[in-house]
Amino acid sequence: MSQHGYPDLVFASEVDRRILSQAQAQGRLVRIAPGIYSGDVGHTAEALARRCLWQIVAHDMPGAVIVDRSARDGGLGRDGTLFVVADRARPLALPGITVTPRKGTPALPGDMPLPHGIHIASEARSLLENLTPSRRRLPASDAR
């Protein structure tokens, strides 16, 4: 709980937007991303997004599984991309982080649970998923 009485994370879906707007205007809340705020006004939105990442992902993508390069790298990649399997089509843009969802198998028994109900793919699952051919497009000159 911050000194202003707001928790580290406040989601617009859970609080009246007028209250959020007023608190932000008074400097009692900082906006992390659309619909996501924090009572910790002493840190940047990027620092808050990194610190509260699992909570944010769990809220916007319940049951998400960290997969692909992100699982192999142990979470967030150096470029700020987090790949997850989730029931969401659009990426979630946070300051300094892009959570990129894709369709896939939900959490399996070998996947490691993380806080807030999300998982990270097991080593075996990561290896199998990384054998799948990439959907990356080659430049026209290389496609021949």
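The sequence shown begins at 86 in this note's numbering and counts up one residue at a time. Idealized CB from N, CA, C, for every residue including glycine. Treat the numbers as computed from the prediction; the structure is a model and nothing was measured.
### Query
What residues match up with ARG187 in a beta bridge as DSSP calls it?
Looking up residue 187 in the sequence shown gives position 102. Listed as beta-bridge partners of ARG187 by DSSP are VAL170.
### Task
Measure the beta-carbon distance from ILE151 to HIS204 and round it to whole angstroms, keeping in mind my assumption that it falls under 8 Å.
Counting from 1 along the sequence shown, the entry for residue 151 is found at position 66. Counting from 1 along the sequence shown, the entry for residue 204 is found at position 119. 7 Å between Cβ atoms; contact.
### Query
Touch check for the stretch 102-117 and the stretch 163-171: three-plus C-beta pairs under 8 Å?
Output reads no: the stretch 163-171 does not touch the stretch 102-117.
### Task
Quick one: give me the first and last residue of the alpha helix (DSSP H) that ARG136 is part of.
In the sequence shown, residue 136 corresponds to position 51, counting from 1. Where ARG136 is concerned, the enclosing alpha helix (DSSP H) starts and stops at 130-136.
### Query
Helix, strand or coil: which one does DSSP assign to PRO119?
Position 34 of the sequence shown, counted from the first residue, corresponds to residue 119. Residue state, collapsed to three classes: coil.
### Task
Would you mind sorting ARG210 into buried or exposed? The rule is 16 or more other CB atoms within 10 Å of its CB.
As a working note, residue 210 is residue 125 in the sequence shown. Using a 10 angstroms sphere on the CB of ARG210, the tally of other CB atoms reaches 16 or more, which defines it as buried.
### Query
Which two residues bound the contiguous alpha helix (DSSP H) that contains LEU213?
Looking up residue 213 in the sequence shown gives position 128. From DSSP, the alpha helix (DSSP H) with LEU213 extends over 208-215.
### Query
Would you report the Cα separation of VAL80 and GLY148, rounded to the nearest angstrom?
The structure shown has nothing for residue 80, since the chain only spans 86 to 229.
### Candidates PRO92, THR190, VAL95, ASN215, of which the one nearest ASP158 by Cα
Taking the sequence shown and counting its residues from 1, one reaches residue 158 at position 73. The shortest C-alpha separation from ASP158 is found at ASN215.
### Query
Looking at the structure shown, is ILE182 part of a helix, part of a strand, or coil, going by DSSP?
To locate residue 182, count along the sequence shown from 1; it is residue 97. Strand at ILE182.
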